[in-house]
Structures are given as C-alpha cells and as structure tokens.
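This report concerns only the one structure given below.
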Amino acid sequence: MQKSNGLYLCVLLCLVAIVNAEDPYRYFTWNITYGDIYPMGIRQQGILINGQFPGPEIYSVTNDNLIINVFNNLPEPFLISWNGVQQRRNSYQDGVYGTTCPIPSGQNFTYKLQVKDQIGSFYYFPSLGFQKAAGGFGAIKILSRPRIPVPFPEPADDYSILIGDWYTTNHTRLEYILDLGWRLPFPDGVLINGRGDGGVSYNVEQGKTYRLRISNVGLQNTLNFRIEGHSMTLVEVEGTHTVQTSLSSLDIHVGQSYSVLITADQKPQDYYIAVSSRFGNSTLNATGILRYTNSQRAVSGTPPPPPENDITWSLNQARSIRTNLTASGPRPNPQGSYHYGQINLTRTIIINGAASIIDRKQRYNVNGVSFVAADTPLKLADYFNISGVFKVGSIPDQPSGNAPYLDTSVMGADFRDFIEIVFENQENIIQSWHLDGYNFFVVGMDQGRWSNTSRNDYNLVDAVFRSTVQVYPKSWTAIYVALDNVGMWNIRNEFWARRYLGEQFYLRVYSPVMSPRDEYPLPENALLCGQAVGKR
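Count the sequence shown with mature numbering (1 follows the signal peptide of the UniProt record, and there is no 0) and you get residues -21 to -1, 1 to 515, in order.
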C-alpha cells in the first residue's frame, strides 16, 4: 500500500511539474461587425473588431498560447489569417481558405495558436475575397522572453504602425469589378493606423528612444516611410534581428513588416511622419505627427519628400538588410548558428507570376496556372482523403510556356527538403511574395534574368530571414527554404487583386510518417464545410 501511495505521489508531482512548465495562455474574444468608418473623411462601411478600426493589437511573448474566439456577426463568411506568424505543424489554423473553413455568419470559431520560437512584428487580416479592403486587420507584437537578451536597450515605448493604400469604394464593389474581369482603379489614398492625412500623432520625450513596428497592410503599393529631421535604425524584420543600419527612409513593400528605433534628439517641436507610394504613375501621400511632449512649435512647411523613384536605390537598400549573427533569436543562441549556405539543395523551383486573359477576363497566373478555389479546403480534403478536390503536381516547378489555364494548383514537396525558389518578374511593376508557415533566407536579388551563374553572387552567410519578399520590375529574387513544417501552405502575391484573380498556389509539404511530432491532428473544434461536412 505504501509503495502504491508513493507511486501515486510521484505521478501527481510529475503532472504538477508539467502543468507548471506549460507556456502561458492569453485569451481574446473578438466580435466581428460592419460599422461606419471615416478614414478619409468620407463615410464608408468597414470591418470592425470589437468596434475598432484597425482591430486590437495582439500583444504576446515567445511561446505564448493564443486562444482567440472569433464571433462572426457579418452577413457573410469570415476568415482571419496571421501574416508571418508560423503555425508550426498546424496549417489547420492558418486562416486561409485552402486550409480552413470560413466562419459562417452568426457563428464563432476559436483559433488556438502558439507563437512557438518566434519574436518580432507581424499582423493579421481577413483573407476571404476582398474583405481586406474593408479593414479587419491589426498588429501582432511578439516580445522576447525576459531571459533572452535583445541587441538594443529597452525602448521608452513600442508603437505598432499599420500603413497601407486605401479605397473609399466598398470592398464588395471592388470584388464585383474584379469578377467582371476588369482592373481596379488606382487607390484613393494612404492610411496610417486607419486614418488619412494628418490623422495620427505619436508622443515622444526628448532624449528617449522608441521602437516603431511598421507593417504595410495595404493592397498593392510599396510605401516609403520617413520622419522629418530624424534618422531611423533598422533592428528587426519579420522576426529576425538585423544588422543595425541607419536609414533616412525605408521602402516597405506590401505584406512586409519592419522594426526601427528612433531617438527624440532634435529640437522640442512637432515633426512630420511621411508615407508615400512608390514606383507608380501617380503618388499617394499621407502624414502623421511625431510630437515632443515639450513641443514649442507645430509642424510647418512641407513634409520631407520621398527618395526618387529609382529602382536601383530601393534594390540596394533591400540588399543591405542582413541578419545580426551575434544576436539571440527566440532562444538563447545566436541567430547565425544555422549555416544555411552549407546545406545541399534538393530542388530548384522557378516561380513566374504574370497577367493573362482567360475566358476573355483579366486573370493572373503562376507558371501558367491561374488558381481557383475548390469547394472544400485543400487541407481537409487531404486529411479525409476526398478525391477530386485537388491534384498534387497540378502546377509545374517552372514556367511551362503553355497557354494559361484555370486549376486548383497544388505543388508537392517533401518534409525536410532544402529548396531554392527563384521568383522571376518580367513585368513593369513590383511584386511581393509571401509563404505561409515559413521564414526563408533571401539569398539574392538583382535586375535582369536569373541564370545558374546568378548563384555566384548569393549571400550564403547572413541573408535576412523573413516571410515576405519583393521582386523588382524586370528582376529576380532567390530564396532558400528548409521545409521543416508539414502542412498545406499558401504561396501568394500580396498584390491583393492579383491573388484574388489567381496569382497564388499551395505547397503541400508531406511526411509519410503521420506522426504528431511532425503535424498536429485535426483540431476537435475544426469547422467542416464542402465535401468534408459530416466527416470526423
């Protein structure tokens, strides 16, 4: 009996230790509604989260578990995705239609995320249709654990700044225009944290340093960010501490996130925060105010101008962004301890996104395939072995040269492969590509056409590690990806009209082992739709 009691006590203590060792939980309840907003002084219908536009910031720390209960009170389905937040072994929570059923009107769904081994600046957004053009987006801030050193002193404050181009036209009208096969007009303006020109201000105290986390949550335009009279120090890009570089302005392409430090080291007055669109026939501008608490003068004159519309200037800035190899990441070890340049490549994929006319309508394609959504999320079809929803290999590894066509394009890949992806852009606009579920090493980018000899100029030592990368006009960008995250993952152009009209596909990273160590099972609360209805 004593031996049995001792065993019981041992088990109990072990269970208590496990419970106590579990990572913290943070709980959120979100109510999604339509409401009147006036971001540019004109009333329009916006998507609100708990009555807010933009939505509430998610504040978290490395390894936190985030429990987000979303109540959809829109008269239409709704789905949220987490831009840059890697769902390790859990693409069911990714929040795009290829992996997750939308939340029906009047119902709720609880996302269960863990920001496992992550730090940095990200954002969330509605991923269905063109709802992103109505709001529903917000900032995500993942802080380092207290015992993990950060490579700069703790700032006096930490501001999240969401910038993006904006339409005053209702998002359903924009969707209708695209469905007719027409192109969208140029956006109407630029917003800074949901407000138009002159609508926001940030208070600073003289002599103190502040962190600004800036995300481009817009629909298509590269934006340049700058602060009158102040230099910025780049410190982080989408979860990677960078070599600290002083900048007078920063190009932020759609879908990207950056952190900079600024020091209030100028005369005590108000200064312009300026944001401008880049590389288009027209320029959109918006301003905010950096206000010293002891300010003695309001802003005056004109805001600081953006750099010239010079692709070479922007390309050189992008290539100067490097990983800080001496800094710790989410764990207490140097970020550069992963020697990606010494790993043998198992495969090269060349991605060419392009405009095309299919069935007399404007479409966009990747390697000749213009994506169309299936009636069932691809991940659920894969899990339940539902035939006919998609076919692995329905998109080629390289441009085919054949006439573009419609298909539910899925590319197969093997777990633990180490691959090279080359994005080629033969058009006259900037493209911006994002890979859900992963960060990747941006090893090279240049103007002209990519060839095998382009590898001679790759950065195989300290390339920045991120999840969204730009491809300049008539240029290429190359990335290395370690396929260590099993699941169904969206690869898309962040130019939202292009994604909506087919410039995306899914990468199925497959492991035959079917182990929870590689991929979590279907969540108990998973919504089922399409041909997955009634299955468990």
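Even for Gly, the Cβ is constructed at its ideal location relative to N, Cα and C.
Keep in mind the model is a prediction, meaning the values are calculated, not measured.
For a test of the three-state rule: what should DSSP assign to G108, helix, strand or coil?
What you label residue 108 is simply residue 129 of the sequence shown in a count that begins at 1. Residue state, collapsed to three classes: coil.
Here's the rule: buried if 16 or more other CB atoms are within 10 angstroms of the residue's CB, otherwise exposed. What is D338?
Along the sequence shown, one-based indexing puts residue 338 at 359. Exposed, since its Cβ has fewer than 16 Cβ neighbours within 10 Å.
From the DSSP output, which residues share a beta bridge with K340?
Here residue 340 refers to the residue found at position 361 of the sequence shown. In the DSSP output, where bridge partners are listed per residue, K340 has I337.
Classify I290 as helix, strand or coil using the three-state DSSP reduction.
Your numbering for residue 290 matches position 311 in the sequence shown. Helix.
Thinking C-beta only, is I328 closer than 7 Å to D376?
As a position in the sequence shown, residue 376 is number 397, starting the count at 1. As a position in the sequence shown, residue 328 is number 349, starting the count at 1. Contact: yes.
From I11, P164, G347 and E406, residue whose alpha carbon lies closest to that of G85:
Residue 85 sits at position 106 when you count from the first residue of the sequence shown. Taking only the C-alpha atoms, the option nearest G85 is I11.
For G99, which beta-bridge partners are listed by DSSP?
Indexing the sequence shown from 1 puts residue 99 at position 120. According to DSSP, which records beta bridges pairwise, G99 is partnered with I121.
Bridge partner(s) assigned by DSSP for W412:
Taking the sequence shown and counting its residues from 1, one reaches residue 412 at position 433. V448 and N472.
From this set, I330, R395 and Q341, which residue's C-alpha is nearest I374's C-alpha?
Position 395 of the sequence shown, counted from the first residue, corresponds to residue 374. Comparing Cα-Cα distances from I374 to each of I330, R395 and Q341, the minimum goes to I330.
Let me check one thing: in DSSP terms, what residues is I82 bridge-paired to?
Translated into the one-based positions of the sequence shown, residue 82 becomes position 103. BP columns for I82 point to F57.
Looking only at its own chain, which residues have a Cβ that is under 7 Å from the Cβ of Y17, when we skip the five neighbours before and after it?
Along the sequence shown, read from residue 1 onward, the residue named residue 17 stands at position 38. Excluding residues within five positions, none has a Cβ falling inside 7 Å.
Taking residue 571 as the reference, give the member of G178, I241, S210 and D73 with the closest Cα.
Residue 571 lies beyond the range of the chain shown here (-21 to 515); nothing can be said about it.
Grab the span of the beta strand (DSSP E) containing E154 for me, first residue to last.
By 1-based counting over the sequence shown, the position of residue 154 is 175. Here E154 belongs to no beta strand (DSSP E); instead the alpha helix (DSSP H) covers H150 to D158.
Distance CB(A392)-CB(L480) smaller than 7 Å:
Your numbering for residue 392 matches position 413 in the sequence shown. Your numbering for residue 480 matches position 501 in the sequence shown. Cβ distance not < 7 Å, so A392 and L480 don't count as in contact.
Which residue spans inside the segment 349 to 395 form an unbroken beta strand (DSSP E) run of at least 3?
384 to 386 and 388 to 393
By alpha-carbon positions, which one of P495, R326 and Q223 ends up nearest to T302?
The residue you call residue 302 lines up with position 323 of the sequence shown. Closest option to T302, Cα to Cα, is Q223.
Backbone CA spacing between A505 and G208 [nearest angstrom]
Against the sequence shown, residue 505 aligns to sequence position 526. Against the sequence shown, residue 208 aligns to sequence position 229. Cα-Cα distance, rounded: 51 Å.
Taking just the CA atoms, how far does G143 sit from G267?
Numbered from its first residue, the sequence shown carries residue 267 at position 288. Numbered from its first residue, the sequence shown carries residue 143 at position 164. Computed Cα separation, rounded: 13 Å.
With 16 as the cutoff for other CB atoms within 10 Å, does S70 come out buried or exposed?
To locate residue 70, count along the sequence shown from 1; it is residue 91. Under this definition S70 is a buried residue.
Suppose the cutoff is 6 Å on Cβ atoms and the five residues either side in sequence are ignored; what does the same chain contact list for V169 look like?
In the sequence shown, residue 169 corresponds to position 190, counting from 1. For V169, where only same-chain residues beyond five positions count, the Cβ hits under 6 Å are D144, V254, L263 and A265.
Please identify the residue among L191, I82 and Q97 whose C-alpha is closest to the C-alpha of S134.
For this step, residue 134 is matched to residue 155 along the sequence shown. In the sequence as displayed, the identity of residue 134 is Pro instead of Ser. Looking at the Cα atoms, L191 is the closest of the given residues.
Pick helix, strand or coil for Q296, following the three-state DSSP scheme.
Taking the sequence shown and counting its residues from 1, one reaches residue 296 at position 317. In the structure shown, Q296 sits in a helix (DSSP, three-state: H, G or I).
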